[in-house]
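Since the structure comes first, as structure tokens, the remarks are kept for the end.
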Amino acid sequence: MTIQFNDETFRDDYSFKNSQRAIDRFPFPFHEDSYMYSVNMEQHQGGPSDSIYEKRFDVDEHYVAEMRDRAMVLADDPLRCQSLPHMTLAGWDLLELIMVSKSEDYPALFELHRDGDNWHWINKPLGIDDHFVFMDETTLPYGPMEYITRQTQGDFCVLDQRDENLWMDAGMITTQADWSLDFDIGMNFFEWHAPVPLAHEKGIFIRALKFLLSIQQGAPARRLNWTMTVNPLLDTSPENYHKWGIQKTSVTPKNLGSKQHLRVELQTFFRLPRSNALVFPIRCYLISFQDIVSKVKWGRRLHRVIRDLPEELATYKGFIDNRPMMLEFLSKYDDGLETSFGVWPEEGTEPPLQK
Amino acid sequence: MNVPPPNSTAPKSTGAKKIAVTVSAIVRLNSLVTRFEFKRCDGELFPTFSGGAHTVVEMQDGDIKRRNPYSLVSDPAEREMFAISVRRDDEGRGGSLYLHEKAQVGDQMRISFPVNLFSLDLRARKHLFIAGGIGITPFIAQIKQLDRTHGNWELHYACRNVELGSYVDELTTKYAHCVKVYYDENGQAIDLKRLLDGQPIGTHLYVCGPKGMINWVCKAATDAGWPDAHVHNEEFLAPKPGRPFAVRLAKSGLNLEVGEHESLLEAIERLGVEAPYLCRGGACGQCETNVVESEGTFVHRDHWLEDDEKACGTKIMPCVSRFEGKTLVLDR
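Protein chains in written order, with the working numbering: chain A, 1 to 355; chain B, 1001 to 1332.
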């Protein structure tokens, strides 16, 4: 299918919006009426047609605008993209993975022509047409990781694997849920997860690490994570907290439906072949509360999840202060009827709202 | 260990796909070691891999399905074929004998995607390799990888005699300044103390070979004050035969008898029960299985479980470990 790329912003006037198609395919993360951490991994080997799970790297209507926003973040703060010296090989692995995947999955948008190490890459949506020599950094305008992640939606953590642990040794991080690559660079898996509440006690990270260490070539995995964001902001970084933190106080009962966004991350994990590193793309999808409640099941369920979420999690996810206002809005879309199991909206079978 | 989430959006899958291959060449390197080359049946290219990776080769030997891990010795950048080198083990359980005596060019087999449990530490300013006998195999691909990226490396390779020096000619011709070969029967030995003493800061040490050699090198490095994180070794165990024993699989509701020459993992697979694995040699931890109930003695042989875990008898690695006694019930 052809994609119409939106001309929109994730800052200042916030002209970001989701089309009906984008709402229909939004990755709603709650499969039941409550939420607790789990190692909710599954294979990343395709999914239902036109869902965000179908392709290895989903390209959607926000692509061009997201890449424009990333370029602006990097212009202001080049440390959002870093790669320790031993991670260059992993950068080439990532470049190859993305170029091959996108050219196979979206042949109308991307082309890759290879003649030995002489590669020709065409990115039509961004108007890029480059010839370069694979594994020769001098033939690209940036390092391989930066080059390809300036052209791919989502943040990218490139993790070195050694000593039975994973190390945050490279990344492109401009659309993050309040964590900093510049702070975490060089940390291991337990160090960079140290601030997360409750999950350590549950042994979640030990099990998650074990799973990630054994991810194999040819068997990528995925999971969803979520948080809340006021205004459709991609760059909710600690570096810029002084700019966006204050916006949380701008929510009123009147504007909440359009201002309050559910932020869902599709996290995928791929073993990189030459470096044996692991790449961890974190793709951010935003949806306003008023668009969520257009799906009756999602409206009912979101109310119950937010209402019953443990206080520590609501605090960690940064919406404890606004929770009462969010519940006031969402309660109008919860009539107490049962919801069906699973994440899909089930519009044909879910009973209409009785309120 | 991971139940797919109930919202599962993914097609059902049982981990990495296998690759169907044809044996494309069989090259006898010497009286003990033979090289096997594979091409893909579907005509596609193989994935690239990292030096030190292995593949698990599935062979149908009559009624028995054999699955043995072998280091890849082809060039990681070579996408047309994969190669392994197999040492004939006359006392082994038959996988290497099957390859040596029965495998023919044109045979079809299935192999796993490459898995690397012995990868280079790419931070190293220098890679110092010590190989003994067939332990040369992971280094062959690592050297090819480092050669391409202009890495700094050095190989010390001990063989029994000139005849059994697999890959010696290729290595000493191509990389004369980086390779030193020692022949046991000529009384040559690696002067380890001196070798370790002369290494620049930032060197990583890798050893692969017989168990005695691995222990010798690791101890010498520790004694010389090397940090543990700079010393790497790989030893895959082959499952050892043992007395047959009975097992009950609680989740599957099945009873089985593990034969003298098969591993517990193989017996579980024989019944068609899905069991995860990566290395099949007690090193990767993937097949770790919880014990529900037991009355008897565990014969733990893996490198994975901690000593206290082995002592308390609540976990077993079915790829190499066995059991002697009356009752064993597994959570599988």
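Beta carbons are placed, not taken as given, at the ideal position from N, Cα and C, and that holds for glycine.
At a Cβ threshold of 9 Å, is residue i touching chain A?
i	result
Cys-1284/B	yes
Arg-1280/B	no
Ala-1053/B	yes
Asn-1152/B	no
Gln-1145/B	yes
Pro-1005/B	In this prediction, Pro-1005/B has a pLDDT of 42, which is less than 50 and means its spatial position is unreliable; what the coordinates show is noted afterwards. Closer than 9 Å to some Cβ of chain A, the Cβ of Pro-1005/B qualifies, so yes.
Ser-1008/B	Here Ser-1008/B scores only 48 on pLDDT, less than 50, and its place in the model should not be relied on; the value that follows carries that caveat. For Ser-1008/B, the answer is yes, since a Cβ of chain A falls inside 9 Å of its Cβ.
Arg-1123/B	yes
Thr-1115/B	According to the sequence as given, residue 1115/B is Val; it is not Thr. At least one chain A Cβ lies under 9 Å of Val-1115/B.
Thr-1149/B	yes
Pro-1239/B	no
In whole angstroms, what separates the C-alpha of residue i from that of residue j?
i	j	result
Phe-1236/B	His-1230/B	20 Å
Lys-1065/B	Leu-109/A	45 Å
Ser-1294/B	Leu-1328/B	4 Å
Pro-1114/B	Asn-1161/B	31 Å
Leu-1029/B	Phe-183/A	52 Å
Asp-155/A	Met-67/A	11 Å
Ala-314/A	Ile-1130/B	54 Å
Tyr-14/A	Arg-114/A	40 Å
His-200/A	Arg-207/A	10 Å
Gly-342/A	Pro-27/A	12 Å
Lys-356/A	Arg-1040/B	Limits of chain A in this structure are 1 at one end and 355 at the other, which puts residue 356/A out of reach.
Arg-162/A	Lys-1180/B	28 Å
Leu-1192/B	Tyr-241/A	55 Å
Thr-236/A	Ser-1074/B	46 Å
Gly-1106/B	Glu-191/A	51 Å
Cys-1284/B	Glu-1185/B	35 Å
Ala-1103/B	Gln-216/A	28 Å
Ser-49/A	Asp-58/A	12 Å
With respect to the beta strand (DSSP E) encompassing residue i, which residues constitute its N-terminal and C-terminal limits?
i	result
Pro-1069/B	1064-1071
His-1054/B	1054-1061
Glu-1154/B	1153-1159
Glu-1295/B	1289-1299
Thr-1203/B	1203-1208
Gly-91/A	Where Gly-91/A is concerned, there is no enclosing beta strand (DSSP E), although the alpha helix (DSSP H) it sits in stretches over 88-105.
Phe-190/A	From DSSP, Phe-190/A is part of no beta strand (DSSP E) but of the alpha helix (DSSP H) over 189-192.
Phe-1245/B	1245-1249
Gln-1142/B	Careful: Gln-1142/B lies outside any beta strand (DSSP E), inside the alpha helix (DSSP H) at 1137-1148.
Met-381/A	Missing from the structure shown is residue 381/A; chain A here goes from 1 to 355 and no further.
Please check if any C-beta of chain B sits within less than 9 Å of the C-beta of residue i.
i	result
Met-135/A	yes
Arg-300/A	no
Asp-160/A	yes
Lys-210/A	yes
Ile-185/A	no
Asp-24/A	no
Asp-50/A	no
Asp-115/A	no
Would you say residue i lies against chain C (beta-carbon separation less than 9 Å)?
i	result
Leu-1120/B	The structure shown contains no chain C; the protein chains it does contain are A and B.
Apart from the five residues on each side of it in sequence, which residues of its chain come closer than 6 Å, Cβ to Cβ, to residue i?
i	result
Ala-90/A	Val-158, Leu-272, Ser-275 and Ala-277
Tyr-316/A	Pro-197
Gly-1135/B	Cys-1208 and Gly-1209
Phe-16/A	Glu-8, Phe-10 and Pro-232
Ser-51/A	Arg-25
Leu-1099/B	Val-1086
Arg-1248/B	Asn-1255 and Val-1329
Tyr-53/A	Gly-47
If I measure Cβ to Cβ from residue i and keep anything under 7 Å in the same chain, skipping five residues before and after, which residues do I get?
i	result
Asn-225/A	Glu-265 and Gln-267
Glu-1234/B	Leu-1117, Phe-1118, Pro-1138 and Cys-1208
Met-1001/B	Caution applies to Met-1001/B, whose pLDDT of 30 falls short of 50 and renders its modelled position unreliable; the value that the coordinates give is listed next. For Met-1001/B, where only same-chain residues beyond five positions count, there are no Cβ hits under 7 Å.
Taking 8 Å as the limit between beta carbons, can you name the residues of its chain near residue i, skipping five residues before and five after?
i	result
Val-133/A	Asp-117, Asn-118, Trp-119 and Thr-139
Met-99/A	Phe-110, Leu-112, Trp-119, Trp-121 and Ile-148
Is residue i close to the ligand GDP? I mean its beta-carbon at under 8 Å from any heavy atom of the ligand.
i	result
Thr-252/A	The model on display carries no ligand, and the ligand GDP is accordingly not part of it.
Grab the span of the alpha helix (DSSP H) containing residue i for me, first residue to last.
i	result
Phe-422/A	The structure shown does not extend to residue 422/A, since chain A is modelled only from 1 to 355, so the question has no answer here.
Ser-1085/B	Per DSSP, Ser-1085/B belongs to no alpha helix (DSSP H); it is in the beta strand (DSSP E), 1082-1087.
Asn-1215/B	1211-1223
Phe-211/A	204-213
Ile-1026/B	Note, Ile-1026/B: premise wrong, no alpha helix (DSSP H); beta strand (DSSP E) at 1018-1028.
TODO: Scan the segment 77-95 of chain A for residues whose Cβ lies nearer than 7 Å to a Cβ of chain B and list them as they occur along the chain.
DONE: His-86 and Leu-89
- Return the residues of the segment 253-280 of chain A that lie within a Cβ-Cβ distance of less than 8 Å from chain B, sorted by chain order. Pro-273, Arg-274, Ser-275 and Asn-276
- Chain-ordered residues of the segment 1038-1051 of chain B with a beta carbon less than 7 Å from chain A: Pro-1047, Thr-1048, Phe-1049 and Ser-1050
Self-check item: Residues of the segment 215-232 of chain A with Cβ closer than 7 Å to any Cβ of chain B, in chain order
Solution: Gln-216, Gln-217, Gly-218 and Ala-219
Residues of the segment 1229-1261 of chain B in Cβ contact with chain A at a cutoff of 7 Å, in chain order, please. Ala-1229
Discussion item. Short of 7 Å Cβ to Cβ, which residues in the segment 1075-1096 of chain B face chain A?
Written reply: Pro-1076
Where the segment 159-180 of chain A meets chain B: residues whose CB sits under 8 Å from a CB there:
Asp-160, Gln-161, Arg-162 and Asp-163
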